[in-house]
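Below you'll find the structure, written out as structure tokens, and then a few comments.
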Amino acid sequence: MRIFLVEDTRDVGEAISRRLEKVGHTVDWQTDGQAAADILEFTDYDLVILDVMLPGLDGFEILRHLRARKKTTPVLVLTARSEIEDRVGALDLGADDYLVKPFDFRELEARTRVLLRRRQGDPTNLIECGDLVLDRNSRSVRVGNREVQLKRREITLLEVLAARPGRVFSKDELLDRLFGFDENVNPNAVELYVGRLRKKIEGSSVRIVTIRGLGYQLVADEAA
Amino acid sequence: MKRRETSLFWRLVLRVALVLCGGATLLSAAAWYYARAAADDAYDRLLLGAAIQITANMTVDAGNLGVTLPSSAFELLGLAERDRIFYRVVGPDGRTLTGYDDLDIGINVTAARAGPVFLTTEYRNVPVRVAVVSRALSDPSFSGWAYVVMAQTTEARRGLAGELTTRAMILVGIMSLLALAGTVLAIRYSLLPVDALAATLRARDPQDLTPVEADMPRELKPFVGSINHFMGRLDERVTLLQRFIADAAHQIRTPLTALSAQVDMLEDDDLDVNRKRHLGRVRDRVSQLARLTNQLLSHAMVIHRSDSVRFKPVDLGDIARKAFRSTVPITVDPDVVVSFEDSAEPVFVRGDAVSLREAIANIIDNALQHGVEQRLAVRVRREDDRALVEVADDGPGIPPAEWAAVTTRFVSSKMGEGSMGLGFAIAAEVALAHRGTVRFLEKGGRDFTVILDVPLYREGT
């Protein structure tokens, strides 16, 4: 994926690029606001990471220019408390997410991953099953008014199971869907994720049933 | 040694009491003096009356002076029951005609020629009052001055004087007590505004450094003026200090982000166990520092906003959801069930969205840092006319004894590791600005719950 990073603090920019490049992305890094805005005029990226305090043109301006041209590129804004203070609008201005400096770099990587996946993902971000609503945008599952945060693999697992309620999925099948073929994972990982998912959808009419020796199945009680 | 506490009340009471005591003593002395004079006056008349009756009963018969003692004279004196009476009638030749011969107490009876003479003396070792009355006899056969000396012991007089004095003293005493009681009441009443002022100051929120405005007697005005002046200066200092802290935190932020970037770039793959452990510690400390810096900025921000931003109706559910999403990291432990539950009906409050979000975010952050083991639940609901944001976790919670302390700055809970930082202080600050509170619910088998409780917005309020 191509990521455009606009950050004028050298250490920070360097650390972000290093981290993202390590997981296989291409990172273009700019330190000047005006130059960054110019580049965004004619280059498309999969994700833009934008610092707010920049020489030349500030991050909010760049974001406004980008959105004014109807670009839907996901934007992650890096900001300080005192800056969001007057512009709660970081999100209203069209940023998809923001992180407050100083931030945790693992969190930055995780949020980047979410934004990139969201871009590739289905146009439908809501999947319903029984009284459950899976919202991929907010990475959560809703039962009534209560929404529970899910992890990436839990979402995948629920997606797989919810696509065919009642069908029994074998452990190996789920393992493939969750981790792909090349990852060397312990088959018990499926149990782990099923266990976590069960805990998180507790209270819903939908249950994950274990069929001994066969696998797992999603059952929606029609009692309601 | 401890210095004695001075009290305006006791000072005044003591002084008034001294004056009253002095006054009462003087009055009592005067009363005694007048009572004695009055008693003397009354009994002297009786004595005189009796003596005059005796003189009137003197007869000259054939050149002999005779006297018959009229019983009425003694009846008159008998009114003073316990007193004894002595008398002596002296003829012109100085002989005692009748009565006590030895009632010759060195008086010059001739002084009585001009009019009755009274004197106080002792007779037979008893104090007596003596009256001497004269009568000029001008019978052709017998002429000269005859005298009657009447003496009466003074018991009745003293009794009367004593009784009069006692009554007067009782009155004086009652008056003094009334005056003292009145003074006490008056002082208490006059000092009421002082208590009221103290209560006003005590009831004040420590954050509130605006001038004291209350109805004060003129005498207290300089005092209140000084307090206000002092608070004004304190307010300036506090504002300066807050700005300084915000600036400092802001300045720290950039190098801190850079520092955490550098730490992040340290590869720990090729480090031995020991160094890996040190690096881990450095990472923890850096993120702790980052958290604290953010809290400082957040604190400065909510304080600044609390008196500079106009409140408007905002949806607390919406704010809480935003706070929840931005605060719970994606990298949170996957075994923790993190949930958010909005109220079925909209929950509007009058407030500042940014401050409220900071408050909720900080409560959630605290739970994540110090509480959560398996479960973190954020709920927004309304209860009567209150809007509640509840953050419940299944961690150890905070013991009730520490509830009051954790909403003040940098107090560390003994249960958790290290300082709670500013999280609850920020939340409490915001709650206060919204006329609400931050409350805690005892674990009691269930989850430990922190509640941000603010009044619900109603049309027209």
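Protein sequence lines correspond, in order, to chains A and F. Residues 1 to 224 in the working numbering are what the first sequence lists, from first letter to last. Residues 225 to 685 in the working numbering are what the second sequence lists, from first letter to last. Note that the Cβ used here is the ideal one computed from N, Cα and C, for glycine as well. Keep in mind it's a predicted model, so treat the numbers as computed, not measured.
Going along the chain, which residues of its own chain have a beta-carbon closer than 7 Å to the beta-carbon of residue i, five neighbours each way excluded?
i               : result
D459 of chain F : L433
A280 of chain F : none
A514 of chain F : L480 and S484
G287 of chain F : S365 and F366
In three-state DSSP terms, what is residue i?
i               : result
N288 of chain F : strand
T279 of chain F : helix
D324 of chain F : Note that residue 324 of chain F is Tyr in the sequence shown, not Asp. If DSSP states are grouped into helix, strand and coil, Y324 of chain F belongs with coil.
K536 of chain F : strand
R507 of chain F : helix
V168 of chain A : strand
G595 of chain F : helix
A338 of chain F : coil
S402 of chain F : The amino acid occupying residue 402 of chain F in the given sequence is Leu; Ser does not appear at that position. DSSP places L402 of chain F in helix when its eight states are reduced to three.
S140 of chain A : strand
G184 of chain F : In this structure chain F extends from 225 to 685, so residue 184 of chain F is not present and cannot be described.
A220 of chain A : strand
E346 of chain F : strand
V573 of chain F : strand
Only counting the same chain, and skipping five residues up and downstream in sequence, which positions put a Cβ closer than 8 Å to that of residue i?
i               : result
Q598 of chain F : D559, V560, V561 and D618
E109 of chain A : R19, L20 and V23
Whole angstroms are fine: how far does the CA of residue j sit from the CA of residue i?
i               : j               : result
E565 of chain F : V674 of chain F : 15 Å
V552 of chain F : Q149 of chain A : 9 Å
S511 of chain F : D51 of chain A  : 20 Å
P164 of chain A : T210 of chain A : Per the sequence shown, residue 164 of chain A should be read as Arg rather than Pro. Looking at the two C-alpha atoms, the distance is approximately 15 Å.
E491 of chain F : K500 of chain F : 9 Å
Y324 of chain F : A261 of chain F : 28 Å
P187 of chain A : F169 of chain A : 14 Å
F755 of chain F : R412 of chain F : Residue coverage of chain F in this structure runs from 225 to 685, which leaves residue 755 of chain F outside it and unanswerable.
R529 of chain F : R10 of chain A  : 32 Å
I398 of chain F : S231 of chain F : 26 Å
V533 of chain F : R477 of chain F : 25 Å
D86 of chain A  : L66 of chain A  : Because D86 of chain A carries a pLDDT of 49, less than 50, the predicted location of this residue cannot be relied on, and the following value inherits that uncertainty. Cα to Cα, D86 of chain A sits roughly 21 Å from L66 of chain A.
A162 of chain A : S567 of chain F : 27 Å
A360 of chain F : G368 of chain F : 6 Å
S17 of chain A  : T26 of chain A  : 8 Å
A687 of chain F : L409 of chain F : Residue 687 of chain F cannot be examined here, being either before or after the span of chain F that is shown, 225 to 685.
A275 of chain F : G290 of chain F : 15 Å
D317 of chain F : L293 of chain F : 20 Å
R136 of chain A : R113 of chain A : 13 Å
G504 of chain F : A68 of chain A  : 44 Å
L218 of chain A : G195 of chain A : 13 Å
If we call anything under 8 Å between Cβ atoms a contact, is residue i one with residue j?
i               : j               : result
L76 of chain A  : L20 of chain A  : no
L157 of chain A : L197 of chain A : yes
V448 of chain F : L421 of chain F : yes
D28 of chain A  : L5 of chain A   : yes
D97 of chain A  : R111 of chain A : yes
S358 of chain F : A375 of chain F : no
L178 of chain A : R153 of chain A : yes
D38 of chain A  : P55 of chain A  : no
R353 of chain F : L404 of chain F : no
F342 of chain F : D265 of chain F : no
L425 of chain F : V418 of chain F : no
F548 of chain F : G621 of chain F : no
V654 of chain F : E607 of chain F : no
D131 of chain A : V206 of chain A : yes
Give me, in chain order, the residues of the same chain whose beta-carbon lies closer than 6 Å to that of residue i; leave out the 5 immediate sequence neighbours on both sides.
i               : result
A304 of chain F : A380
A255 of chain F : T389 and A392
H523 of chain F : L646 and I650
D363 of chain F : V284
I309 of chain F : L301 and Q376
Q519 of chain F : G645 and L646
L134 of chain A : I127, V141 and L158
A80 of chain A  : K101
Spell out the partners DSSP gives residue i in its beta bridges.
i               : result
E565 of chain F : A:R146 and F:R603
L78 of chain A  : A:D51 and A:L99
T661 of chain F : F:D677
A375 of chain F : F:F310 and F:V354
E293 of chain A : It is not possible to answer for residue 293 of chain A, since the shown part of chain A is limited to 1 through 224.
A368 of chain F : Reading the sequence as shown, one finds Gly at residue 368 of chain F and not Ala. F:L361, per the DSSP bridge assignment.
L612 of chain F : F:R605 and F:D677
Q30 of chain A  : A:V6
R207 of chain A : A:V219
D617 of chain F : F:L600 and F:F672
Is residue i close to chain D, meaning its C-beta is less than 8 Å from at least one C-beta of that chain?
i               : result
F535 of chain F : Judged by its chain identifiers, the structure shown contains no chain D, and its protein chains are A and F.
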